[in-house]
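Asker:
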Amino acid sequence: FLRPRPPDAPTNYTCMCATGYRLAADQHQCEDVDDCMQVPSPCPQNCVNEQGSFRCNCYPGYEQQDGECVELQDPCFGNKCEYECQPVGRSEHRCICAEGFVPVPHDPNRCQMFCNRTSCPADCDPNSPESCRCPDGYILDEKTTCTDIDECSSDLCSGECRNLPGSYECVCGPDSALAGQIATDCDPVKASLSLVVALLALLCHLRKKQGVSLAEPEYKCGAPGKEAVLRREGAERTPQRL
Numbered sequence: 414f415l416r417p418r419p420p421d422a423p424t425n426y427t428c429m430c431a432t433g434y435r436l437a438a439d440q441h442q443c444e445d446v447d448d449c450m451q452v453p454s455p456c457p458q459n460c461v462n463e464q465g466s467f468r469c470n471c472y473p474g475y476e477q478q479d480g481e482c483v484e485l486q487d488p489c490f491g492n493k494c495e496y497e498c499q500p501v502g503r504s505e506h507r508c509i510c511a512e513g514f515v516p517v518p519h520d521p522n523r524c525q526m527f528c529n530r531t532s533c534p535a536d537c538d539p540n541s542p543e544s545c546r547c548p549d550g551y552i553l554d555e556k557t558t559c560t561d562i563d564e565c566s567s568d569l570c571s572g573e574c575r576n577l578p579g580s581y582e583c584v585c586g587p588d589s590a591l592a593g594q595i596a597t598d599c600d601p602v603k604a605s606l607s608l609v610v611a612l613l614a615l616l617c618h619l620r621k622k623q624g625v626s627l628a629e630p631e632y633k634c635g636a637p638g639k640e641a642v643l644r645r646e647g648a649e650r651t652p653q654r655l
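Count along the sequence shown from 1, then add 413; that gives the number in this note's numbering.
Pasting the structure below:
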């Protein structure tokens, strides 16, 4: 811009403007020069005029490199993602799937439901990849497979332990039986009780064979775990002599 002319300034002078400005028609004022109107344009693509200057912008998909607009290579251009492509840096991309879906391991361009990809045999929430839960007696292995727990390795039974899928059972020997509410302890069965049961059963059998009527409608001879029951079905008749 021009400075005010001093009173003692000579009458003959020439006005000059700063870079980016030019003299107005009155030859006393400076006005901005629209640099973007120059031919050729000072910018390779988009020129934005400013007071006393200008700036160059590149179109979308381009970036400035050494004063030039260079086209950006879209990493997702021509992608084969089944659902959506997400750029990773300037040259890589990855396929993302909708909620509840995950990329197929051998074909990451495709998507499949999370619960179909895993071998989770229990409850699987398709919206939560960490939700695979195994039933009782199984443990989650590598977040994908339910493996049976070998309860017998913890010595839960006092007798023989048999591991079953998702469970176990305790087996006692011939001279013992399961006892207790959780049925894991084997208590020995007294031999005297077994002998009493056998003798009572034999006695009842002999009385019936001899034709002796039973005074009670039912006899029970037994001990814990063993029981013999005899019921009277009718009086036996003595054969008549001819």
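Backbone N, C-alpha and C define an ideal beta-carbon position, used for all residues, glycine too.
Since we're looking at a predicted model, the values are computed, not measured.
Can S566 and D598 be called in contact, C-beta distance under 8 angstroms?
Answerer: No, the Cβ-Cβ distance between S566 and D598 is not below 8 angstroms.
Asker: Return yes when the Cβ of N522 is within less than 8 angstroms of the Cβ of C494, no when it is not.
Answerer: Their beta carbons are under 8 angstroms apart, which means C494 touches N522 by this criterion.
Asker: Can you grab the Cα-Cα spacing for the pair P457 / Q486, in whole Å?
Answerer: Rounded to the nearest angstrom, the two C-alpha atoms are 19 angstroms apart.
Asker: In terms of residues, what are the limits of the beta strand (DSSP E) holding F467?
Answerer: That run of the beta strand (DSSP E) goes 466 to 470.
Asker: Per DSSP, what kind of secondary structure is C428 in: helix, strand or coil?
Answerer: Here C428 sits in coil by DSSP.
Asker: Return the chain-ordered list of same chain residues with a C-beta closer than 7 angstroms to the C-beta of D563, the five sequence neighbours on each side being excluded.
Answerer: Excluding sequence neighbours, D563 sits near N576.
Asker: Quick one: grab the DSSP three-state call for S566.
Answerer: Looking at S566 - three-state DSSP - the assignment turns out to be helix.
Asker: For the candidate residues G433, C617, F490, whose alpha-carbon lies nearest to that of P468?
Answerer: Note that residue 468 is Arg in the sequence shown here, rather than Pro. Among G433, C617, F490, the Cα nearest to that of R468 is on G433.
Asker: Where does F490 land, buried or exposed, given buried means 16+ other C-beta within 10 angstroms?
Answerer: The residue in question, F490, is exposed, as its Cβ has fewer than 16 Cβ neighbours within 10 Å.
Asker: Expressed to the nearest angstrom, what Euclidean distance is found between the alpha-carbon atoms of E573 and I552?
Answerer: E573 and I552: Cα-Cα distance of roughly 23 angstroms.
Asker: How far does the beta strand (DSSP E) with Q477 in it extend, from its first residue to its last?
Answerer: Looking at the DSSP string, the run of the beta strand (DSSP E) that includes Q477 is 475 to 478.
Asker: Give the straight-line distance between the Cα atoms of M450 and N462, rounded to the nearest whole angstrom.
Answerer: Straight-line Cα distance between these residues: approximately 9 angstroms.
Asker: Of the choices L613, S580, E484, G480, whose alpha-carbon is the least far from that of R503?
Answerer: Measuring from the Cα of R503, the nearest candidate turns out to be E484.
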